[in-house]
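Below: one structure, written as structure tokens.
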Amino acid sequence: MTDFKLIADAEWRKRLSPEEYYVLREAGTEPPHVGKYTDTTTEGVYSCKACGEELFRSTEKFSSHCGWPSFFSPLAGDKVIEREDNSLGMRRVEVLCANCESHLGHVFEGEGYDTPTDLRYCINSISLNLEEKSIEDN
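Heads up: the sequence shown at position 108 corresponds to 108 in UniProt numbering, and the numbers run straight through without jumps.
Written as structure tokens, this is what we have:
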């Protein structure tokens, strides 16, 4: 099994396109409203583009009209890492894949969406792969 946290930068550059590398490894952001998963309602599981770790289910995805895919909860609490991000002159909470520490996006709280949590995981489409499959409620 690969320990993705030990992969060297040069290897990430080989594995990812320049755009994927910019978002996943340099904490960049794709432009709003251009990602292939922004408006999709396809049923399935979203995994990390860098390592394949399953992160979010389509049943937790909702339309926030913010320009990026939004989820109200990750698949499990240990699937993502949340850490303070004070870049760009503001306080945010960055979301990373716990398996490979790739940047996924940010999580915001208290925005008033009608969801089971008070959270919006705002995730870059380019950081995800969607495996289309039936999702059954557990």
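Just so it is clear, CB atoms sit at the ideal spot from N, CA and C, and this is done for glycine as well.
Check: Bounding residues of the alpha helix (DSSP H) (the contiguous stretch that carries residue 144); Outcome: The chain is shown from 1 up to 138; residue 144 falls before or after that span and cannot be answered.
Check: Whether I135 touches R57 by CB criterion (8 Å); Outcome: yes
Check: Cβ-based neighbour list, N138, same chain, cut-off 7 Å, excluding 5 preceding and 5 following; Outcome: Caution applies to N138, whose pLDDT of 44 falls short of 50 and renders its modelled position unreliable; the model cannot decide the point.
Check: Bridge partner(s) assigned by DSSP for P122; Outcome: What sits at residue 122 in the sequence shown is Cys, not Pro. Note: C122 sits in a beta bridge opposite S70 and H106.
Check: Alpha helix (DSSP H) segment containing D9, residue limits; Outcome: D9 to R15
Check: Nearest residue (CA-CA) to R91, options H65, P32, E131 and E109; Outcome: E109
Check: Contacts around E53, its chain only, beta-carbon distance under 8 Å, and the 5 residues preceding and following it disregarded; Outcome: S47, K79, C97, A98, N99 and C100
Check: Straight-line gap, G67 to I7 (C-alpha atoms, nearest Å); Outcome: 31 Å
Check: Closest residue to R120 among S87, Y22 and G105 (Cα-Cα distance); Outcome: G105
Check: Simplified DSSP state of G112, which is helix, strand or coil; Outcome: coil
Check: Presumed contact (8 Å Cβ cut-off) between P69 and T29, rounded CB distance; Outcome: Going by Cβ atoms, the distance from P69 to T29 rounds to 13 Å, so no, they are not a contact pair.
Check: Anticipated Cβ contact below 8 Å, L128 with G44, distance rounded; Outcome: About 11 Å; that fails the 8 Å criterion.
Check: Rounded C-alpha distance that separates D85 from N124; Outcome: 16 Å
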